[in-house]
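Everything on this sheet refers to the single structure shown next.
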Amino acid sequence: MLNKDYKFYLAFENSNCRDYITEKFYVNGLGHNSLDYNLIPIVMGAHPDDYRRSSPPHSYIHVDDFESPKALAKYLHLLSSNPHLYNQYFEWKSSGEFINTYFWCRVCALLHAQHPKPSRSYRDISEWWAPTTACNNGIQRWPQLSQSPNHTLITDSYK
Numbered sequence: 001m002l003n004k005d006y007k008f009y010l011a012f013e014n015s016n017c018r019d020y021i022t023e024k025f026y027v028n029g030l031g032h033n034s035l036d037y038n039l040i041p042i043v044m045g046a047h048p049d050d051y052r053r054s055s056p057p058h059s060y061i062h063v064d065d066f067e068s069p070k071a072l073a074k075y076l077h078l079l080s081s082n083p084h085l086y087n088q089y090f091e092w093k094s095s096g097e098f099i100n101t102y103f104w105c106r107v108c109a110l111l112h113a114q115h116p117k118p119s120r121s122y123r124d125i126s127e128w129w130a131p132t133t134a135c136n137n138g139i140q141r142w143p144q145l146s147q148s149p150n151h152t153l154i155t156d157s158y159k
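For what it's worth, the UniProt record's numbering labels the leading residue of the sequence shown as 1, then goes sequentially.
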């Protein structure tokens, strides 16, 4: 159904934080479903560098790469009407560049390594774990919208 009716998958995170990428992207966008479906994930949440580090090249579209929602929509329309450009987003599936990193095996190897890292201490563990600068409410994304009287910007009211 998805592949027949849609060309894009919105993988928008509920938090705009560094290194915060959930199953919305990995499972639904690039995971087992992606082998059956040719849907391009459109992502919003983590910083674009975070997606670049953890994803196959040219496998998604990040909203921060566009100056406005209108520019993003224009690009999606172009992709939708141009099969050659659209299909370039799936070339990674045959490249072999995206492999299982065997995360738990790597953790085990690090724990058993003969060269332990020097110990560190932190005055504020909360700031180290989740620095106040790691998240934002998306307000700097497309700032011109917050200045426009024709648009309402929705932000978290419980801060």
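Just so you know, even glycine gets a beta-carbon here, dropped at the ideal spot from N, CA and C.
>> Assuming contact is defined by CB atoms lying nearer than 7 Å, are H58 and Y51 in contact in what I supplied?
In response: Along the sequence shown, one-based indexing puts residue 58 at 58. Along the sequence shown, one-based indexing puts residue 51 at 51. No, they are not a contact pair.
> Using the C-alpha atoms, what's the distance from H115 back to C17?
Replying inline: The residue labelled residue 17 in the question sits at position 17 within the sequence shown. The residue labelled residue 115 in the question sits at position 115 within the sequence shown. For C17 and H115, the distance between alpha carbons rounds to 32 Å.
> Can you give the beta carbon distance from residue 170 to L85, rounded, assuming they're within the 8 Å contact cut?
Replying inline: Residue 170 is absent from the model: the chain starts at 1 and stops at 159.
> The beta strand (DSSP E) spanning A134 covers which residue range?
Replying inline: Translated into positions along the sequence shown, residue 134 becomes position 134. Counting along the chain, A134 falls outside any beta strand (DSSP E), and DSSP gives it neither H nor E.
> How far does the alpha helix (DSSP H) with L51 in it reach, from first residue to last?
Replying inline: Indexing the sequence shown from 1 puts residue 51 at position 51. Checking the sequence shown, residue 51 turns out to be Tyr, not Leu. Counting along the chain, Y51 sits inside the alpha helix (DSSP H) bounded by residues 48 to 54.
> What residue does the alpha helix (DSSP H) around V63 start on, and which one ends it?
Replying inline: Translated into positions along the sequence shown, residue 63 becomes position 63. The continuous stretches of alpha helix (DSSP H) do not include V63, and DSSP gives it neither H nor E.
> Measuring CA to CA, which of Y6, P48, N38 is closest to R141?
Replying inline: Mapped onto the sequence shown, residue 141 falls at position 141. Of the candidates Y6, P48, N38, P48 places its Cα closest to the Cα of R141.
>> If you reduce the DSSP assignment to three classes, tell me which class Y158 lands in.
In response: Here residue 158 refers to the residue found at position 158 when the sequence shown is read from its first residue. Any reading at Y158 is ruled out, since the residue's pLDDT is 38, under 50, leaving its predicted position unreliable.
>> Buried or exposed for L110, going by 16 or more other Cβ atoms inside 10 Å?
In response: One-based indexing of the sequence shown puts residue 110 at position 110. Burial is judged here by how many other beta carbons sit within 10 angstroms of a residue's own beta carbon; L110 has fewer than 16 and is exposed.
> Where does L10 fall in DSSP's three states?
Replying inline: Sequence index remark: in the sequence shown, residue 10 carries index 10 (1-based). If DSSP states are grouped into helix, strand and coil, L10 belongs with the strands.
>> Helix, strand or coil, according to DSSP, for N16 in the structure here?
In response: Within the sequence shown, residue 16 is the residue found at index 16, counting from 1. Per DSSP, reduced to three states, the secondary structure at N16 is strand.
> Can you tell which of G45, N14, N28 has the C-alpha that lies nearest to the C-alpha of L39?
Replying inline: Here residue 39 refers to the residue found at position 39 when the sequence shown is read from its first residue. For the residues G45, N14, N28, the minimum Cα distance to L39 belongs to N28.
> Does DSSP put P83 in a helix, a strand or coil?
Replying inline: Counting from one through the sequence shown, the residue named residue 83 turns up at place 83. In this structure, P83 counts as helix in the three-state DSSP scheme.
> What separation, rounded to the nearest whole angstrom, lies between the Cα atoms of I21 and G45?
Replying inline: Counting from 1 along the sequence shown, the entry for residue 21 is found at position 21. Counting from 1 along the sequence shown, the entry for residue 45 is found at position 45. Straight across, the Cα-Cα distance linking I21 with G45 is about 7 Å.
> Does the distance from the CB of L41 to the CB of A11 come in under 7 Å?
Replying inline: For this step, residue 41 is matched to residue 41 along the sequence shown. For this step, residue 11 is matched to residue 11 along the sequence shown. Per the sequence shown, residue 41 should be read as Pro rather than Leu. With a cutoff of 7 Å on beta-carbon distance, P41 and A11 are scored as near each other.
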